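I have placed the structure first, in the form of structure tokens, so that the comments after it can refer back to it.
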Amino acid sequence: METVTRFAPSPTGYIHIGNVRSAIYPYLLAKQQNGKMILRIEDTDRERYVEGATELIEDTLEWLGLNWDEGPIVGGPHAPYFQSERKAIYHKYARKLIASGRAYADPTPSTQIEQYRQECNANKTPFLYRNYRPDNTPEWEPGIPLRFKAEPKEYQWHDEVMGDMHAGPEVQDDIVLIKKDGFPTYNFAHIVDDAEMGVTHVMRGVEYLSSTPNYLALYDALGIKRPKLVSLPHILAPQGNKKLGKRDGAKSVTEYRDDGVLPEAMLNYLACLGWNDGTEQEIYTKDELIKAFSLDRIQTSGARYDETKLLWMNGQWLRRIMDEQGVNALYERSGGFWPETAHNHTDEYRKQVLAIIYDRLKTLSDLRSMTGYFFADPEIDLDMITNNKFLKKLSESELEELLKTSIARLSALSHWDADSLQDVLNQLLQDTDRKPAELFSLIRLSLSFAPFSPALNLTMSVLGRDTSLARLNAVARAI
RNA sequence: GGUCUCGUAGUAUAGCGGUUAGUACAUCGGGUUUUCAUCCCGACAAUGCGGGUUCGACUCCCGCCGAGAUCACCA
Numbered sequence: 079m080e081t082v083t084r085f086a087p088s089p090t091g092y093i094h095i096g097n098v099r100s101a102i103y104p105y106l107l108a109k110q111q112n113g114k115m116i117l118r119i120e121d122t123d124r125e126r127y128v129e130g131a132t133e134l135i136e137d138t139l140e141w142l143g144l145n146w147d148e149g150p151i152v153g154g155p156h157a158p159y160f161q162s163e164r165k166a167i168y169h170k171y172a173r174k175l176i177a178s179g180r181a182y183a184d185p186t187p188s189t190q191i192e193q194y195r196q197e198c199n200a201n202k203t204p205f206l207y208r209n210y211r212p213d214n215t216p217e218w219e220p221g222i223p224l225r226f227k228a229e230p231k232e233y234q235w236h237d238e239v240m241g242d243m244h245a246g247p248e249v250q251d252d253i254v255l256i257k258k259d260g261f262p263t264y265n266f267a268h269i270v271d272d273a274e275m276g277v278t279h280v281m282r283g284v285e286y287l288s289s290t291p292n293y294l295a296l297y298d299a300l301g302i303k304r305p306k307l308v309s310l311p312h313i314l315a316p317q318g319n320k321k322l323g324k325r326d327g328a329k330s331v332t333e334y335r336d337d338g339v340l341p342e343a344m345l346n347y348l349a350c351l352g353w354n355d356g357t358e359q360e361i362y363t364k365d366e367l368i369k370a371f372s373l374d375r376i377q378t379s380g381a382r383y384d385e386t387k388l389l390w391m392n393g394q395w396l397r398r399i400m401d402e403q404g405v406n407a408l409y410e411r412s413g414g415f416w417p418e419t420a421h422n423h424t425d426e427y428r429k430q431v432l433a434i435i436y437d438r439l440k441t442l443s444d445l446r447s448m449t450g451y452f453f454a455d456p457e458i459d460l461d462m463i464t465n466n467k468f469l470k471k472l473s474e475s476e477l478e479e480l481l482k483t484s485i486a487r488l489s490a491l492s493h494w495d496a497d498s499l500q501d502v503l504n505q506l507l508q509d510t511d512r513k514p515a516e517l518f519s520l521i522r523l524s525l526s527f528a529p530f531s532p533a534l535n536l537t538m539s540v541l542g543r544d545t546s547l548a549r550l551n552a553v554a555r556a557i
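In the working numbering, the protein residues as written are 79 to 557.
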């Protein structure tokens, strides 16, 4: 049987780090088994609906490369993929349950229900609505909620991650199937949809584990074969032991994109947070993940989100792309991340800058803060030179002389390329009898006035003869 | 409170009835002619507690403790 997985978010906002894994794992499993992943939008709660959230979700999945085989935009044989458009289907299933005596219309006012609930809380007993089941129930009609009629019993099932599970009758209840507004609850809608859409693996967060017996009861009452159940442990917030949510400042996935994180790194990090293949491999391409993925190696406990490791991994990916695909490939990714001043320069020049700076980047947005002096003359800040730990021992006249000697030598250079520049620098070191730390720091700072920069010969070769000499001269005059 | 789940270094994890308990991030130290970074080398650091079973337990069993989930006309 073909593997069919699904990602079924509610359009209530953006997808964040804490919940995107329930899209990643279904994708990996479906691709590995040549199956399909369905994207289904669970928009039955009209109060929490957020305009534009569906687009945000689609955008996020596309960026990560998690392409769905059926769903919004691409369509498919089980359309529509918005639950709000599938009311008739849920009602059809609801009538089946009414006909078999497993569902009843419940006219009890919500204030009354609330009172029952509070009684239970006061008595410290679990609230089970089936203990308050009304005696005479009316015909079901719009405006009256429809409830499942539980027939509590012992349930056993297997969870692909958590293992063999069991639950007693005490957790099964008369859950609401259809709300008074006519929309189904999640509890009912997802059962119907998964069955209609042929979903074979239901993957979702562990918070649904407790309600699984109710779902099992529903499958039985509807005569639906149980899909495989996969509970995904939570991703924990950096502080405390709570699952990572928007309240803990969980950033949206696309926010990382805008900060210059590569989708490869994001996918890699998230997939490996709470899952591993038993080897010591750390860096995985999407294809490698698809190949290596397995449900039974998903961790059973929650995993804490660690942004530092994500950024480390992003650095690894930045370098990997440069090493394997070359500067052009990385340059294509660097689109909106250059400083304003870079726009007056050619692609070719920016590529040269990228080629010597890339191994210093954690994210592409670091380009903004780290490359300014390649595109515009930096402001001369003599304090940076005189306070430098290697240069503060030298007097102003010594600094000036050292700089002038360097300028003279560099001016005489006929081929302004990295190798020749290195030769001149080495020669200069010998002739001036200065330590590398002194000579190089002076030139480096005079050219960049930046806290750090690439190797001196590379920086000068990219900057070019005219700019380099002009900057050195300007500093020599200023001292 | 009922029910369920989880518990290896700061973090993510490997492992297994017998290992010097492995790896990565982080941290600290060192190296690669300046800085920052990359890269390389090294250091620190863990089986929640208590009982069993066993020649031997991180591993199996029980209890405890700790943490989390759930008990909505939200998903």
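No residue lacks a Cβ here, since even glycine has one placed at the ideal position from N, Cα and C.
From a predicted model like this one, the values you see are computed outputs, not experimental measurements.
message: When you compare the CB positions of Ser531 and Asp495, do they come within less than 8 Å of one another, or not?
response: no
- request: Return helix, strand or coil for Ile361, following the three-state DSSP convention.
  value: coil
- request: Please report the residue range of the alpha helix (DSSP H) in which Ala343 lies.
  value: Pro341 to Ala349
field: Limits of the unbroken beta strand (DSSP E) element including Thr83
entry: Note, Thr83: beta strand (DSSP E), Val82 to Phe85.
message: Taking the alpha helix (DSSP H) that Met115 belongs to, which residues open and close that run?
response: Here Met115 belongs to no alpha helix (DSSP H); instead the beta strand (DSSP E) covers Lys114 to Leu117.
- prompt: Which word fits Ile521, buried or exposed, when buried means at least 16 other C-beta atoms lie within 10 angstroms of its C-beta?
  reply: buried
- prompt: From Ala554 to Leu481, what distance separates their C-alpha atoms?
  reply: 6 Å
task: Note down, in chain order, each residue of its chain lying with its Cβ closer than 6 Å to the Cβ of Asn265, except the 5 sequence neighbours on either side.
output: Ile253
- prompt: Got a sec? Which residues, its chain only, sit under 7 Å from Arg180 by beta carbon, not counting five neighbours each side?
  reply: Here the set comprises Phe226, Lys227 and Ala299.
task: Round the Cβ separation of Leu523 and Ile463 to the nearest angstrom and send it over; I've been treating them as touching at under 8 Å.
output: Right, their Cβ atoms sit about 5 Å apart.
query: Cα-Cα, which of Ser88, Gly143 and Trp353 is closest to Thr122?
result: Ser88
task: State the CB to CB distance for the pair Asn566 and Lys440, rounded to an integer number of angstroms; the pair is presumed to be in contact (CB under 8 Å).
output: As displayed, the chain neither begins before 79 nor continues past 557, which places residue 566 out of reach and without an answer.
message: Tell me whether the stretch 311-323 and the stretch 244-252 touch, counting them as touching only if at least three CB pairs, one residue from each stretch, are closer than 8 Å.
response: Segments in contact, no.
- prompt: Based on Cα-Cα distance, which residue from Val249, Leu255, Thr483 and Ala486 lies nearest to Pro204?
  reply: With distances taken between Cα atoms, Pro204 lies closest to Val249.
task: Kindly provide the ranges of any alpha helix (DSSP H) runs that are 4 or more residues long and lie completely inside the stretch 396-431, ordered along the chain.
output: 405-411
- prompt: For the stretch 272-287 against the stretch 205-216, are there 3 or more C-beta pairs whose distance is under 8 Å?
  reply: no
Gly241 - partner residues in DSSP beta bridges: Asp237
field: Unbroken beta strand (DSSP E) run spanning Lys306, endpoints
entry: Secondary structure note for Lys306: its beta strand (DSSP E) is the uninterrupted segment Lys306 to Leu310.
- request: Go ahead and pull the three-state DSSP assignment for Gln281.
  value: Reading off the sequence shown, one finds Met at residue 281, where the question assumed Gln. Correct three-state label for Met281: strand.
query: If you draw a straight line from the alpha carbon of Leu445 to that of Val82, how long is it in whole angstroms?
result: 42 Å
task: Can you grab the Cα-Cα spacing for the pair Asn214 / Pro185, in whole Å?
output: 10 Å
message: One question on the structure: do Tyr168 and Arg118 come within less than 8 Å of each other, judged by their Cβ atoms?
response: Result no, Cβ atoms of Tyr168 and Arg118 do not sit closer than 8 Å.
query: Would you call the stretch 380-389 and the stretch 401-414 in contact, with 3 or more CB pairs under 8 Å?
result: no
task: Quick one: residues in its chain with C-beta nearer than 8 Å to the C-beta of Ala515, no 5 flanking neighbours on either side, listed in chain order?
output: Phe468
task: Hey, could you find the ends of the beta strand (DSSP E) Phe205 is sitting in?
output: Run containing Phe205: none; DSSP gives neither H nor E here.
message: Can you tell me whether Arg512 is helix, strand or coil according to DSSP?
response: Here Arg512 sits in coil by DSSP.
field: Residues that DSSP places opposite Val254 in a beta bridge
entry: Arg225
task: Determine the closest residue to Arg543 out of His493, Arg282 and Thr510, with distance taken between C-alpha atoms.
output: His493
query: Are the beta-carbon atoms of Tyr334 and Ala349 separated by less than 8 Å?
result: no
message: For a minimum of 3 consecutive residues, which ranges assigned as the beta strand (DSSP E) are wholly contained in the stretch 96-157?
response: 114-117
query: Secondary structure at Arg382, three-state DSSP: helix, strand or coil?
result: strand
- request: Compare the Cα-Cα distances from Tyr297 to each of His312, Gly241, Glu285 and Tyr233 and report the closest residue.
  value: Tyr233
field: Ile458, DSSP secondary structure in three states
entry: coil
query: Hey, quick one: how far does the beta strand (DSSP E) through Tyr560 stretch, first residue to last?
result: With the chain covering only 79 through 557, there is no way to say anything about residue 560.
- request: On a CA-only basis, which of Asp501, Ser489 and Phe518 is nearest Leu547? Give me that one, please.
  value: Checked all of Asp501, Ser489 and Phe518; the closest Cα to Leu547 is Ser489.
Buried or exposed by the 16-neighbour rule on C-beta atoms within 10 Å, applied to Leu132: It should be pointed out that residue 132 corresponds to Thr in this sequence rather than to Leu. Note on Thr132: 16 or more other CB atoms within 10 angstroms of its CB, so buried under the neighbour-count rule.
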